[in-house]
Amino acid sequence: MQKLPFTNLGFDVSRLGFGMMRLPTLISDEGKTVINRKEAIAMVRHAIDHGLNYVDTAYGYHDGESEIVTGLALKHGYREKVKLTTKLPQWLVHEAKDMDRLLDEQLKKLDVPYVDFYLIHALNRESFHKMQSLDYKSFLKRAKADGRIMHTGFSFHDDKDAFIEIVNDHDWDLAQIQLNYLDDEYQATVDGMYYAASRGIGIVCMEPLRGGAIANPPQNIREMMNSYDKQYSPVEWAFRYVSSFKEVCTILSGMSSMQQVEQNLEIFGRVTTNNLNDQDSAFIKNLKKAYLERIAIGCTKCNYCQPCPQGVLIPDIFEAVNSAYMFDAPADFEHAYTQIIKRNGGAELCVACGQCEAACPQQLPIIQLLQDAAAKRR
């Protein structure tokens with residue numbers, strides 16, 4: 527697997543990084559959905575044994591369990607083989623001392639004395655201004671000085687102007703952005719990425735498959751791929767696009783099974799920077815055009831809108847809408863939505879409080895979209 531220097535920090539990172547957000551799950555004896563720890567640990571260690579050396583988790587992933595499982599996976603010498611990243615849940619920061627308290631809690635959950643990268647999680651313009659008012663810089667300086675974190679960064683969900691503002695405000699080491707061939711002009715944008723890289727900031731890519739949406743394309747797009755002379759899978763096309771940017775140090779994949787780990791390791795065994803010629807790049811632009819004509823709702827199932835105070839299963843509803851739209855299968859929506867209602871998560875429960883829209887990284891008009899989804903059954 528190709529490794530690239532992480533800017534000028536003195537170490538290389540694998541192009542494939544392990545995102546600990548979508549690990550395999552099972553139902554516990556108490557009826558809760560929890561991480562399948564044995565499987566998840568085996569997956570992480572298998573990836574590390576085959577060249578992966580970047581692991582990314584966060585406070586809220588898997589309802590707070592992800593950091594614990596990450597720490598367990600990195601026992602027995604695996605911690606020394608990777609660069610470890612976790613993130614400050616800025617939405618839980620209400621006063622300056624919360625930053626130290628949360629970091630200390632995370633280190634305890636991970637069972638490590640320090641992390642290589644500590645990111646302020648899911649910044650947008652509003653949350654960034656809050657963090658400025660609480661003097662986030664002093665906290666980061668203090669945490670670096672006492673050895674709890676080695677390098678600083680942020681993950682981002684807003685527009686390009688907000689991204690540039692954040693980039694210019696601090697001497698960051700890392701910026702984690704959403705990037706795939708559907709989103710190159712969205713959120714931070716490719717131009718924003720170039721700007722951050724020009725300031726010496728390492729770029730980490732999240733959502734390269736747009737939450738899995740472009741891993742299983744509809745028939746017309748699959749036919750386009752089958753007709754092209756290079757027979758890459760939909761997943762490989764997506765990874766090749768992001769990998770083609772030398773500015774991207776590592777690409778996070780939220781792997782949910784050992785099969786996905788093995789498939790991704792195989793792809794990244796042959797994917798390098800500048801792996802697309804002009805014809806390939808033109809083909810991907812055509813894929814983007816065809817894909818965007820079919821996607822109804824740009825939800826990536828990041829789950830930041832969850833839990834809804836009324837119990838509405840927003841990502842599941844949007845997934846049902848998108849699946850039916852993309853595959854021209856309205857009966858599938860009826861079946862999927864019936865199952866959502868059985869779980870007491872239907873759109874009819876929405877009271878338009880707006881909490882979900884404030885949390886949505888994609889800035890979707892969720893309330894109206896839920897009303898539209900409910901109307902499909904009438």
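If you read the sequence shown in the numbering used here, its first letter stands for residue 527, the second for the next number, and so on. The C-beta atom is built at its ideal place from N, Cα and C for all residues, glycine as well.
query                                                                                                                             : result
Cβ pair count under 8 Å reaching 3, the stretch 791-810 against the stretch 562-569                                               : no
For Ala701: DSSP bridge partner residues                                                                                          : Phe680, Ile729
Contact the stretch 781-796 vs the stretch 723-735: 3+ CB pairs below 8 Å                                                         : no
Neighbour-count burial assignment, Ile646, 16 or more Cβ in a 10 Å radius                                                         : buried
Beta-carbon gap between Leu649 and Asp684 smaller than 9 Å                                                                        : yes
Reference Gly545; option with closest CA among Phe809, Val774, Ile843, Thr583                                                     : Thr583
Under 9 Å between C-beta atoms of Ser540 and Phe844                                                                               : no
Per-residue burial, Pro743 [other beta carbons within 10 Å of its own, 16 or more giving buried]                                  : buried
Whole-angstrom C-beta distance between Tyr707 and Leu813, which should lie under 8 Å                                              : 7 Å
Under 9 Å between C-beta atoms of Tyr662 and His696                                                                               : yes
For Gly679 and Leu705, believed in contact at Cβ under 8 Å, the rounded distance                                                  : That pair is no contact at about 15 Å.
Cβ neighbours of Ala862 in the same chain (closer than 6 Å, five flanking residues each side left out)                            : Ala846
CA-to-CA distance, Gly718 to Lys656, given in whole angstroms                                                                     : 22 Å
Run of the alpha helix (DSSP H) containing Tyr644, from where it starts to where it stops                                         : No alpha helix (DSSP H) contains Tyr644, which is instead part of the beta strand (DSSP E) from 641-649.
Cβ-based burial, Ala669 [other Cβ within 10 Å; buried from 16]                                                                    : buried
Counterpart residues of Pro891 in DSSP-defined beta bridges                                                                       : The partner list for Pro891 (beta bridge, DSSP) is empty, contrary to what the question assumes.
Option nearest Val581 by Cα separation, candidates Gln865, Met547, Pro835, Ala900                                                 : Met547
Contacts around Leu778, its chain only, beta-carbon distance under 6 Å, and the 5 residues preceding and following it disregarded : Gly543, Gly545, Asp582, Met732
9 Å Cβ cutoff met for Cys825 and Asn848                                                                                           : yes
Straight-line gap, Phe537 to Leu610 (C-alpha atoms, nearest Å)                                                                    : 13 Å
Outcome for Ser770 when other beta-carbon atoms lying within 10 angstroms are tallied against a minimum of 16                     : buried
Residue closest to Ser653, alpha-carbon to alpha-carbon, out of Glu711, Trp617, Arg674, Leu633                                    : Trp617
Buried or exposed (CB count within 10 angstroms, at least 16 for buried), Ile892                                                  : buried
Contacting residues, own chain, Cβ-Cβ under 8 Å from Ile810 (five flanking each side not counted)                                 : Tyr707, Trp763, Tyr767, Leu802
Within 9 Å, strictly: CB atoms of Met751 and Met569                                                                               : no
Beta-bridge partners of Thr907, as assigned by DSSP                                                                               : Summary: the structure shown does not reach residue 907, with the chain confined to residues 527 through 904, and so no result is reported for it.
N-terminal and C-terminal residue of the beta strand (DSSP E) that Ile777 is part of                                              : 774-779
Pairwise C-alpha distance: Ala873 and Tyr851                                                                                      : 18 Å
Ala857 classed as buried or exposed, judged by whether at least 16 other C-beta atoms fall within 10 angstroms                    : exposed
Inside the stretch 851-886 only - alpha helix (DSSP H) runs reaching at least 4 residues                                          : 856-868, 881-885
Whether Cys775 touches Pro531 by CB criterion (9 Å)                                                                               : yes
DSSP state of Ser554 mapped onto helix, strand, coil                                                                              : coil
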